[in-house]
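Chains as they are written, first to last, in my numbering: chain L, 183 to 643; chain Z, 183 to 643; chain U, 183 to 643.
Note that the Cβ used here is the ideal one computed from N, Cα and C, for glycine as well.
Fair warning: this is a prediction, and the values are worked out from it, not measured in the lab.
Here's the structure we're looking at; comments come further down.
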């Protein structure tokens, strides 16, 4: 009588310890797939259906009964029918009283109904214990067993016991339950599978907008200006040259935007003298999408690297090289090596490659399986220290590349700076302010504030 | 008496709640490693051995007894002895009655015996409850603690309780149990660690065969034909040029083969008017190895990219460039820029790089840890939408690259087309049929069928 | 009375099955974040604090009481106060008797105190059951819910029941508990979050030292020697040429060092005639950091590849090419193709690219999420067979690249070999010895030894 822990079940022959029967309402794709998986895991399954004479797709070992008879056989009923038919359940209210109803439904649109399907079900059947679960798993994934997409099952319910029972089933099916709290969370859980990269929305819109702007900026300066004033048609720059000017600019700016909110946060904390007040909303949102910004920056950097490495293959470049060498040969001259140029060209290439290398390292450590295997201090070391090193290398790469043209008036077509000059504004600002922030006289109060010290403690009440 | 849940164990001093003693038969590598780990996790361990005077490699805190005495001390006995010695256990049948026997054995070959080791053990000792587990974990992994390879432990048994007990132990050791159902699954579980990438077999054989074919096809056209008709010895093309012609062709064809079965499936469903009939077997198998086909295609694309980027470093290319420029110089001429050529060359490079970029993106999202963190809709968006975008970009890359030669008779040596023309057949067919399938008049019935609608419902009975 | 298992909780209305109240001592960042998360997961939370009139940052649904009153309400008390204040708890010893105290503290330095904080707490309050847990999770991670860094919670305790209770809470919070055994492990658990890539320390120091050595070696031969004897200033080689000579040398040597300890181990086992004696300590440590060595080698290989691919973009290379072609043109000559050179150049490029390809494959399979999805045999196949293939390809790449200079006296400036010759020593030694080890006459006894056979069994006692 006192062997209560789950590790020390009595081995005496007891039939009560067998897995409990589960009832599934509805014989659609998902109901069948779930039933199949449950039978595999040792649960007796009984289907509740309008017609008990159903297709041969139902798992062999399952029983098929009418709704009421099926419900009576089990303590847990999986409601695998669409929300529109939930009202068919109201006549069964008495049978379902005290039972656990698992709502697995999904909608077609975000916030399609005023309340979540699970809450609607709970209103219809106030005597039952409604649990929201399984809606993020697809029938195909259950059936094929190759759970390529998420293994996570979000579970929420008002009744803790009922939730625990469902989470145990989830675990027995080889999936990972994640407790999301009370049934209020059902709305969020139902919206989850309808979302399409919600965290990526703002970063993608931002980078798309910026890229379009820089593309037309370059088009104006490199193609249209050249066409008007030099009468050269370089329209084919649209395919390769201009993208490869926009990519590095985007990569550098987006990388700087990853570290800018941290700078703002530090300044705000220093100004307020406390860390116990919320940041403005825009800063909070910005900080939450830093990873996405960084990965988009990495994508642009990758494109820049491959485009640059491929440039010797361009017929334009090989034409330009031939012409340069032929005219040298026709002038009977070989040129001496320009040492300054050799230094500059080798340096900016080396800086750029090293910057890209650390950028890729940052990308790899942001893979979920890698970041799950490092401790907190290591994660912060990589994302902060290596991140700033990457930013410094990439900024230096851009500066060495374009340095000689800063003071050259011919670089300013239509009095506009070249885009690599524009791209340096944000990263340089970030690096300068960061440098000020790590000076001991600024760093010390900031560290104290982050450890909980407050200049005017009244704020925190 | 009513605090039964695993969260609310009584804190009153009870000795019964301690972890139960586990007995291990056999003191080989795996038995010792498992015992060590169990002691670390708080289980008292007793070894059953022929000689109780055993080496100092046995964990210090473990007891060593004769088989019968050891078995009497525990409810769970881990059978860490080879299958050949299982019959030594029959005299112990009485002692082992009602106990849980964990079969951890592995064979040396696939399907070495008619029945699985676990089922054989269950036949020998019908009074015991046999559970298959732990056979996929290596002694080395248990000992070193660095579980680089799988943490998953497949468990199966006919007795649900016994299975639950073993799964609890698995969890306590920091491993992840995966319930595979009844003891019938033991054969599969025993075969699992003997498999060498079973899902990769067909894709690798297919791509190997195709690659060999295309290699000799190229060899004939580029080396042998040139040698016979132009008397040029280009045998060194074998090392670089021909591989770099075969790689992109393989990448494009394999990528198209990833999307071809989906096309077939749609046509079959449209033709049958229902989704409730099984696809032909070959189609099912093909669909299951799409991920592997895609990853092999990515490998070929990667090789193509690096080979292409490295081509300016070849001594043949630098010789060809020098000769071209020198003869230009000797003719005292500089050439004007060929704008069409510049457009074509820049476009096919840009298309190819973008195609490769999205291909890499597809590869990254197929990493298990990434695909576990996206929901089903996001996974399908990436694998379907981005996949087709990749296919379109790569097909366009090939078309722009070779477009000008299609109508050029000199491109048809021995009346055979160049391999990039062959490579376009499958992807173009896939893209054309896909285009037809997304026309509203075709897409609408297909979507209905996929939502469960049937043209002739009698089929599904 | 007999529905004890966690799967089959009674559904009868019982209030006793609700989640148990948890008490948290301390209202700092971590205490608040943990309380918040627990409330989300359905635990009633009560805070113990000196002043019950506390800031509005405390979760709304939590109660705040004095320490003694709060402790009385719960069976589990989370001690979220710094070690320096632990002695404040001694007056509460009577209230805390029999309760589970969860020590979540971290230190600022490795081994800051003679005993771990958890053991110190257990000494102060011998009547309580101390469990070490949660110290590896950050308050920020708990709050934001985005557990980018580790989800693993290391748990240790002397009392098995208390540990089980805490592990159940950990699981309910959506984290993964990992049982580390008795409270003796607390020291290790407390040191864990203070570590910064401990396994990487030796490989990084080694490769840093080697890289510095090779850098100065190259500097002497390529820059200083050229400056002294040929009066050429090639100082700009420091930025690009010399790094790109050091990178491949480092990659090759480090890759060989991954396979060297396995060779040593085999020789030692053959010599001793048994596998049951410990390897020397240095060999054990070396074998444990093979993965890190391999990944650093991959980083160097990646840098070498990108540097090499970028070299046509260098202004030095384009100057050298121009001058070569111009002088050819001025001499009115076009050169015939050197077939041997074409073969050599194409072969070493192809070998290098294939080597890099397999190297990247090795790197990808060492990602935790990938290696978790392969069985032990597949993991060993990739890491051993593909690893040796990579080593063979990279060694052949270096040999073909530099082969022609081995017998050329001008390659030995100051009678010193070029660094690629040095780089071949270790990989060639590894490959030769490995070749000997797989000869049947050597492989057979080695396999026997690895299966447990001993030449002189007395050793093992």
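*For residue 402/Z, which beta-bridge partners are listed by DSSP?*
Position 220 of the second chain, counted from the first residue, corresponds to residue 402/Z. None; residue 402/Z has no bridge partner.
_Selection of the stretch 357-386 of chain Z by Cβ proximity to chain U, strictly under 8 Å_ = Taking 8 Å as the cut-off between beta carbons, the residues of the stretch 357-386 of chain Z near chain U are 374, 375, 376, 377, 378 and 379, in sequence order.
*asked:* Quick check: the Cα distance between residue 523/U and residue 504/Z, rounded to an integer number of angstroms?
replied: To locate residue 523/U, count along the third chain from 1; it is residue 341. To locate residue 504/Z, count along the second chain from 1; it is residue 322. Taking the CA atoms as reference points, residue 523/U sits about 15 Å from residue 504/Z.
*Where does residue 471/Z fall in DSSP's three states?*
On the second chain, residue 471/Z is found 289 positions in, with the first residue counted as 1. Judged by DSSP in its simplified three-state form, residue 471/Z adopts coil rather than helix or strand.
*chain L partners of residue 525/Z, CB-CB under 7 Å?*
The sequence position of residue 525/Z within the second chain is 343, counting from 1. Those within 7 Å of residue 525/Z in chain L are 418 and 421.
_Quick check: what's the CA-CA separation for residue 261/L versus residue 315/Z?_
Here the question's residue 261/L lines up with position 79 in the first chain. Here the question's residue 315/Z lines up with position 133 in the second chain. Cα to Cα, residue 261/L sits roughly 34 Å from residue 315/Z.
*asked:* For the stretch 486-513 of chain Z, list every residue whose C-beta sits within 7 Å of some C-beta in chain U, in sequence order.
replied: Those residues of the stretch 486-513 of chain Z that come within reach of chain U (Cβ to Cβ, closer than 7 Å) are 488, 489, 491, 492, 494, 495, 496, 497, 498, 501, 504, 505, 507, 508, 509, 511 and 512.
*Kindly confirm or deny that the stretch 559-579 of chain L and the stretch 531-538 of chain L touch, where touching means at least three C-beta pairs closer than 8 Å.*
Short answer: they touch.
*Check each residue of the stretch 440-462 of chain Z: if its Cβ is closer than 7 Å to any Cβ of chain U, include it; give the result in chain order.*
Answer in chain order: no residues at all.
*Neighbourhood of residue 317/U by C-beta, 7 Å cutoff - its chain only, sequence neighbours within 5 removed*: The residue labelled residue 317/U in the question sits at position 135 within the third chain. Here the set comprises 286, 287, 288, 371, 372 and 375.
_Relative to the C-alpha of residue 290/Z, which candidate in 377/Z, 383/Z and 417/Z has its C-alpha closest?_
Counting from one through the second chain, the residue named residue 290/Z turns up at place 108. Check the Cα spacing between residue 290/Z and each of 377/Z, 383/Z and 417/Z: the tightest is with 377/Z.
*Local Cβ density within 10 Å of residue 311/L, reported as buried at 16 or more and exposed below that*: Reading the first chain from its first residue, position 129 is the one you call residue 311/L. It counts as buried.
*Quick one: residues in its chain with C-beta nearer than 7 Å to the C-beta of residue 465/Z, no 5 flanking neighbours on either side, listed in chain order?*
Reading the second chain from its first residue, position 283 is the one you call residue 465/Z. 443, 446 and 447.
*With respect to the alpha helix (DSSP H) encompassing residue 358/L, which residues constitute its N-terminal and C-terminal limits?*
One-based indexing of the first chain puts residue 358/L at position 176. Going by DSSP, residue 358/L is part of no alpha helix (DSSP H) but of the beta strand (DSSP E) stretching over 358-361.
*Where the alpha helix (DSSP H) through residue 441/U begins and ends*: Against the third chain, residue 441/U aligns to sequence position 259. Element bounds for residue 441/U: 423-454.
_Under 9 Å between C-beta atoms of residue 480/L and residue 544/L_ = The residue given as residue 480/L occupies position 298 in the first chain. The residue given as residue 544/L occupies position 362 in the first chain. Yes, Cβ-Cβ distance for residue 480/L and residue 544/L is below 9 Å.
*With distances taken Cα to Cα, identify the nearest neighbour of residue 249/L among 490/L, 239/L, 263/L and 625/L.*
Against the first chain, residue 249/L aligns to sequence position 67. If we check each option's Cα against that of residue 249/L, 263/L comes out closest.
*Presumed contact (8 Å Cβ cut-off) between residue 602/U and residue 431/U, rounded CB distance*: Numbered from 1 along the third chain, position 420 holds the residue referred to as residue 602/U. Numbered from 1 along the third chain, position 249 holds the residue referred to as residue 431/U. Going by Cβ atoms, the distance from residue 602/U to residue 431/U rounds to 6 Å, so yes, they are a contact pair.
*asked:* Against chain U, with Cβ distances strictly below 9 Å, would residue 559/L count as a contact?
replied: Here residue 559/L refers to the residue found at position 377 when the first chain is read from its first residue. Among the CB atoms of chain U, one or more fall inside 9 Å of the CB of residue 559/L.
*residue 210/L versus chain Z: which residues are under 9 Å apart at the beta carbon?*
Taking the first chain and counting its residues from 1, the one referred to as residue 210/L is at position 28. From the beta-carbon of residue 210/L, the residues of chain Z found nearer than 9 Å are 634.
*Could you list which residues in chain U have their beta carbon closer than 8 Å to that of residue 163/L, in chain order?*
As displayed, chain L neither begins before 183 nor continues past 643, which places residue 163/L out of reach and without an answer.
*Looking at the unbroken beta strand (DSSP E) that takes in residue 229/U, where does it start and where does it end?*
Position 47 of the third chain, counting from 1, holds the residue named residue 229/U. Where residue 229/U is concerned, the enclosing beta strand (DSSP E) stretches over 227-230.
_Whether residue 345/U touches residue 335/U by CB criterion (9 Å)_ = Against the third chain, residue 345/U aligns to sequence position 163. Against the third chain, residue 335/U aligns to sequence position 153. Not a contact, by the Cβ cut-off of 9 Å.
*Residues of its chain near residue 247/U, where Cβ-Cβ distance is below 8 Å and the 5 sequence neighbours each way are ignored*: Residue numbering aside, residue 247/U sits at position 65 when the third chain is read from its first letter. Same-chain partners within the cutoff: 228, 229, 230, 231, 234 and 255.
*For residue 260/U, write down the residues that DSSP places opposite it in a beta bridge.*
Taking the first residue of the third chain as 1, we reach residue 260/U at position 78. DSSP, once it has assigned bridges, lists 206/U and 284/U as partnering residue 260/U.
*Close Cβ partners of residue 418/U (< 8 Å) along its chain, the five nearest in sequence each way excluded*: Counting from 1 along the third chain, the entry for residue 418/U is found at position 236. Answer for residue 418/U: 498, listed in chain order.
*What residue range is occupied by the uninterrupted beta strand (DSSP E) comprising residue 336/L?*
Here residue 336/L is taken as the residue at index 154 of the first chain, counted from 1. Where residue 336/L is concerned, the enclosing beta strand (DSSP E) starts and stops at 334-339.
*Shortest alpha-carbon distance to residue 569/Z belongs to which of 403/Z, 436/Z, 362/Z and 320/Z?*
In the second chain, counting from the first residue as 1, residue 569/Z sits at position 387. Of the candidates 403/Z, 436/Z, 362/Z and 320/Z, the one whose C-alpha sits nearest the C-alpha of residue 569/Z is 436/Z.
_Restricting to Cα atoms, I'd like to know which of 380/U, 253/U, 302/U and 268/U is closest to residue 279/U._
Locating residue 279/U in the third chain gives position 97, where the first residue counts as 1. The candidate whose alpha carbon is nearest that of residue 279/U is 253/U.
*Closer than 7 Å by C-beta to residue 455/U: which residues in its own chain qualify, once you throw out the five before and the five after it? Chain order, please.*
Counting from 1 along the third chain, the entry for residue 455/U is found at position 273. Apart from the 5 residues on each side of it in sequence, residue 455/U sits with its Cβ closer than 7 Å to the Cβ of 631, 636, 637 and 638 in its chain, given in chain order.
_For residue 290/U, report the span of its beta strand (DSSP E) as first-last._
Numbered from 1 along the third chain, position 108 holds the residue referred to as residue 290/U. Looking at the DSSP string, residue 290/U is not in any beta strand (DSSP E), and its letter there is neither H nor E.
*asked:* Tell me the rounded alpha-carbon separation between residue 476/U and residue 305/L.
replied: Locating residue 476/U in the third chain gives position 294, where the first residue counts as 1. Locating residue 305/L in the first chain gives position 123, where the first residue counts as 1. Approximately 59 Å between the Cα atoms of the pair.
*Helix, strand or coil at residue 247/U [DSSP, three-state]*: Within the third chain, residue 247/U is the residue found at index 65, counting from 1. Reduced to three states, the DSSP call for residue 247/U is strand.
*Are the stretch 378-389 of chain L and the stretch 557-569 of chain Z touching, with three or more C-beta to C-beta distances below 8 Å?*
The stretch 378-389 of chain L, when compared against the stretch 557-569 of chain Z, does touch it at the 8 Å Cβ threshold.
*residue 207/U: which of 221/U, 241/U, 259/U and 251/U sits nearest, CA to CA?*
Numbered from its first residue, the third chain carries residue 207/U at position 25. It is 259/U whose Cα lies nearest to the Cα of residue 207/U.
*Let me know if residue 205/U comes out buried or exposed under the rule of 16 or more other beta-carbons within 10 Å of its beta-carbon.*
Counting from 1 along the third chain, the entry for residue 205/U is found at position 23. In summary, residue 205/U is buried, with 16 or more beta-carbon neighbours lying within 10 Å of its beta-carbon over all protein chains present.
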